[in-house]
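What follows is a short report on a single structure.
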Amino acid sequence: MLVWVKAEVPNVLLLIAGEGPARKQLEGLTRRLGLAEQVRFIGYLNRDGSLEDFYAAGDAFVFASRTETQGLVLLESKAMGTPVISTAVMGTREVLSDGEGCLIATDEEQEFAAHCIRLLTDRALRDLLSAKAVRYAEQWSAPMMARRMLNLYQQVIESRKPSPVPTVRLNAVPSVRSTESQCQSEPQSEPISEATEIASTRNARRRAMP
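Heads up: the sequence shown begins at 211 in the working numbering, then just goes up one per residue.
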């Protein structure tokens, strides 16, 4: 890919950060392709400022991984105002939106090179994507992500609240005990009068006996 970019942008310089077992192989490949003057391997960078300087130094951040699961480096580059040229696979798809601080390419080499040439030769486009990159990265900042998470929790809580129970108004019902008392007390007057009459008759008979 860099061979095609060099043909259109002779003074192109590719900086490769990081360490790993593939470094020696890649250094040998750049020499065989005649790109030793266009490529610099700068090794591991600390997060004490060196990494930020690396992002800010570039006109574009190129990312061609096919297996990235997160894509944090893309947001870091955007936060520094450096436009991104990247594939959109796996995790990178979640943090990229074409034109929002980046140009999305497939893993086809000529297409990727065309995006690089376009961005490196168009200053107005770089400035536009740089401004959009910063605004886009702000949406993924720690305060913004915390706010999104809080809103999500609030929505879940609201969705699980029980529905209010409707109020049912009941009419007054007489007490069962008072009703029974009334039913029992009313017929008592008749049996008591009869018993008194019988007792009076017996007493009268006893007095009449000699």
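Where a beta carbon is used, it is the ideal one built from N, C-alpha and C, also for glycine.
Tell me, please, which residues DSSP counts as bridged to residue i.
i           : result
residue 326 : The partner list for residue 326 (beta bridge, DSSP) is empty, contrary to what the question assumes.
residue 227 : 253
residue 294 : 271, 312
Check residue i in the structure and name its three-state DSSP category.
i           : result
residue 277 : coil
residue 214 : helix
residue 359 : helix
residue 300 : coil
residue 220 : coil
residue 376 : coil
residue 335 : helix
residue 233 : helix
residue 370 : coil
residue 247 : coil
residue 258 : coil
residue 282 : helix
residue 340 : helix
residue 239 : helix
Using a Cβ-Cβ cutoff of less than 8 Å, which residues in the same chain neighbour residue i once the five nearest sequence positions on both sides are dropped?
i           : result
residue 283 : 271, 273
residue 292 : 265, 266, 268, 269, 270, 271, 340, 343
residue 252 : 225, 226, 227, 264
residue 399 : Unreliable positioning characterises residue 399 in this predicted model, as indicated by a pLDDT of 49, which lies under 50. The coordinate reading is nonetheless provided below. Result list for residue 399: empty, nothing under 8 Å.
residue 246 : 240
Among the residues of its own chain, which have a CB less than 6 Å from the CB of residue i, if the five just before and after it don't count?
i           : result
residue 342 : 310, 311
residue 236 : none
Compute every distance between the C-beta of residue i and the non-hydrogen atoms of the ligand NAP, then say whether any falls below 7 Å.
i           : result
residue 216 : As far as ligands go, the structure on display features none, and thus does not contain the ligand NAP.
Within the same chain, show all residues whose beta-carbon is closer than 7 Å to that of residue i, passing over the 5 residues directly before and after it, in chain order.
i           : result
residue 391 : Summary for residue 391: the model assigns pLDDT 49, below 50, so the residue's position carries little reliability; its value from the coordinates is reported in the next sentence. Excluding sequence neighbours, residue 391 sits near nothing in its chain.
residue 395 : Residue placement at residue 395 is poorly supported in this model, since its pLDDT is 49, which falls under 50; the coordinates still yield a value, given next. For residue 395, where only same-chain residues beyond five positions count, there are no Cβ hits under 7 Å.
Restricting to Cα atoms, I'd like to know which of the options is closest to residue i.
i           : options            : result
residue 346 : 307, 323, 328, 376 : 307
residue 221 : 300, 229, 212, 293 : 212
residue 337 : 290, 317, 371      : 290
residue 227 : 328, 249, 319      : 249
residue 215 : 321, 288, 376      : 321
residue 428 : 358, 278, 323      : Residue coverage of the chain in this structure runs from 211 to 420, which leaves residue 428 outside it and unanswerable.
residue 287 : 237, 261, 232      : 261
residue 302 : 276, 259, 323, 242 : 276
residue 231 : 243, 254, 218      : 254
residue 316 : 330, 300, 358      : 300
Assuming the contact rule is C-beta atoms closer than 8 Å, residue i and residue j should be a hit. Round their C-beta distance to whole Å, please.
i           : j           : result
residue 295 : residue 325 : 5 Å
residue 354 : residue 348 : 7 Å
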